[in-house]
Amino acid sequence: MSDNNKPIHQVRIGRIKAAVFDNGEDAPRKVQFTALYKDGETWKGSSSFTREDLPLLAKVADQVHTYLYEQNGSSAG
């Protein structure tokens, strides 16, 4: 994933966000999970999650899994 690579799909619930990146035809898609927080007036992201984040993280991951499966699940076997 390069910095110029824009996500092809995003899921957000509360402060938890997932971004799906396409890495080319023969490469698997990658998913980046972020916990959003506000530092003053600026929104920032962290790859660390609190205990309270985990239920939302699981829900976001489930939605991303469903999206990915619907995109190419039938070719997975």
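Here the numbering used here is used: the first residue of the sequence shown is 85, the next is one more, and so on. Cβ coordinates follow ideal geometry from the N, Cα and C atoms, glycine included. As the structure is a prediction and not an experimental result, all values here were calculated from the model.
### Task
Check whether the Cβ atoms of L152 and I100 lie closer than 8 Å to each other.
no
### Query
So Q116 packs on F133, CB below 8 Å; how close in whole Å?
Wrong, their Cβ atoms sit about 13 Å apart, outside the cutoff.
### Task
With distances taken Cα to Cα, identify the nearest neighbour of P91 among V148, E154 and N156.
V148
### Query
What is the DSSP secondary structure of T150, counted as helix, strand or coil?
helix
### Cross-strand partners of R96 (DSSP beta bridge)
K101
#### Entry: Rounded Cβ spacing between Y121 and S131 (contact assumed at less than 8 Å)
Their Cβ separation, rounded to whole angstroms, is 12 Å, which puts Y121 and S131 out of contact at 8 Å.
### Query
Thinking C-alpha only, which one of G98, V95, D123 and N89 is nearest G108?
N89
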